[in-house]
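Residue numbers (UniProt numbering): 1 to 306.
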Ligand SMILES: Nc1ncnc2c1ncn2[C@@H]1O[C@H](COP(=O)(O)OP(=O)(O)OP(=O)(O)O)[C@@H](O)[C@H]1O
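In structure tokens:
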């Protein structure tokens, strides 16, 4: 089996609204596959369909070779799922939560202790096994929730914004764990709004308004999505200058990043023109994923309005 997840025109409508529009994706075993897109893009809806929680309106998919529509229960027994709302019991301890999930996943009794200890160690909770979950901070809860989701050693782990609302350090720790899991052969599908996390994925799928706009490695997307020459420009009152810059015939786009402007020129030969116009010193840069993402959504808006 070359692909552990493969979809054909997977679609979900809610009334007259199309949340996921003919999604075609292919994911290989051991890949960390990031789903990126603005709020309401359809990421959670897509993941919920792939986990068998939500019925597709049209299209088909296979997960680990099982048919999504006909073999949903088999799929569920081979995957782990963690959503933004960690499904932990606050009034139970760390151990009690893990024990509960070990029971749900029907892990044989003789294996339970080993698996639970593995998850405690993975989450960095050794010594805190008897603490009530209510007393743990966000990052610890998040890692415990992951432990509960993967205690049955699923082949595929679906993570829907697992790192929202936790500290940057916890986010980094969490992604280290994810990379470790992928290294051991698990396939990870993860939605995120954070570009630093997207950078750590093997493949990224950009989705907006239910549609897949691009999919490839972070490096490829950065080098090949944007046509033109991207420069960084530091000028005073940058925000107020955007509309004037956008009117220049050789400027394709202009966005603000902190206090700096990213200006997309249609050709690098206009560097001097931009310098003369703005009074600043334009510096050519490699596009970031955020630049790529903005360019793709803008292109999509342009196509829709055309
Ligand atoms: N059960 C539902 N009934 C009606 N509309 C829904 C339902 N679930 C989702 N939607 C709509 O579908 C669209 C896609 O939602 P979804 O949660 O998949 O987006 P998302 O990309 O995960 O966004 P976010 O990053 O904010 O989580 C949204 O406009 C949402 O309001």
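We put the beta carbon where it would ideally sit given N, CA and C, even for glycine.
{"Query": "Out of 234, 215, 193, 232, which has the shortest C-alpha to C-alpha gap to residue 225?", "Result": "215"}
{"Query": "For residue 220, is the classification buried or exposed, using 16 other Cβ atoms within 10 angstroms of its Cβ as the cut-off for buried?", "Result": "exposed"}
{"Query": "Measuring from the CB of residue 45, is there a heavy atom of ligand 1 at a distance below 7 Å?", "Result": "yes"}
{"Query": "Quick check on the burial criterion: 16 or more other C-beta atoms within 10 angstroms. Buried or exposed for residue 196?", "Result": "exposed"}
{"Query": "Going by C-alpha distance, which of 93, 94, 119, 66 is nearest residue 177?", "Result": "119"}
{"Query": "Touch check for the stretch 225-245 and the stretch 287-303: three-plus C-beta pairs under 8 Å?", "Result": "yes"}
{"Query": "So does residue 42 have its beta carbon nearer than 7 Å to some heavy atom of ligand 1?", "Result": "yes"}
{"Query": "Considering only C-alpha positions, which residue in the set 91, 76, 89, 292 is nearest to residue 199?", "Result": "292"}
{"Query": "Decide yes or no for the touch test of the stretch 150-166 against the stretch 179-195: beta carbon pairs closer than 8 Å, at least 3 of them.", "Result": "yes"}
{"Query": "With burial defined as no fewer than 16 other Cβ atoms inside 10 Å of the residue's Cβ, what is the status of residue 52: buried or exposed?", "Result": "buried"}
{"Query": "Taking the alpha-carbon positions, what's the residue 246 to residue 258 distance?", "Result": "18 Å"}
{"Query": "To the nearest angstrom, how far is the alpha carbon of residue 31 from that of residue 187?", "Result": "5 Å"}
{"Query": "Which runs of the beta strand (DSSP E) spanning at least 3 residues fall entirely within the stretch 215-301, listed in chain order?", "Result": "229-233, 251-257, 260-265"}
{"Query": "Only counting the same chain, and skipping five residues up and downstream in sequence, which positions put a Cβ closer than 6 Å to that of residue 297?", "Result": "208"}
{"Query": "Please report the distance separating the alpha-carbon of residue 263 from that of residue 103.", "Result": "55 Å"}
{"Query": "Beta-carbon separation of residue 27 and residue 13 under 8 Å?", "Result": "no"}
{"Query": "Taking 7 Å as the line, does the beta carbon of residue 277 fall inside it for any heavy atom of ligand 1?", "Result": "no"}
{"Query": "Considering only the beta carbon of each residue, do residue 170 and residue 147 sit closer than 8 Å?", "Result": "no"}
{"Query": "Count the other C-beta atoms from every protein chain shown that fall within 10 angstroms of the C-beta of residue 183, then say buried if there are 16 or more, exposed otherwise.", "Result": "exposed"}
{"Query": "Identify every run of the beta strand (DSSP E) within the stretch 185-212, keeping only runs that are complete inside it and at least 3 residues long; order them along the chain.", "Result": "187-192, 203-208"}
{"Query": "Can you list the beta strand (DSSP E) stretches of 3 or more residues lying completely in the stretch 58-144, in chain order?", "Result": "58-63, 79-82"}
{"Query": "I'd like to know whether the C-beta atoms of residue 280 and residue 233 end up nearer to each other than 8 Å.", "Result": "yes"}
{"Query": "Under a three-way DSSP split, which group does residue 155 fall into?", "Result": "coil"}
{"Query": "What residue range does the alpha helix (DSSP H) around residue 180 cover?", "Result": "168-183"}
{"Query": "If residue 46 and residue 23 are in contact, beta carbons under 8 Å, what's the gap, nearest whole angstrom?", "Result": "6 Å"}
{"Query": "Quick one: does the C-beta of residue 290 sit closer than 7 Å to a heavy atom of ligand 1?", "Result": "no"}
{"Query": "Would residue 20 and residue 42 be called neighbours here (beta carbons separated by less than 8 Å)?", "Result": "yes"}
{"Query": "Along the chain, where does the alpha helix (DSSP H) that runs through residue 50 open and close?", "Result": "43-50"}
{"Query": "For residue 13, which residues does DSSP report across the bridge?", "Result": "18"}
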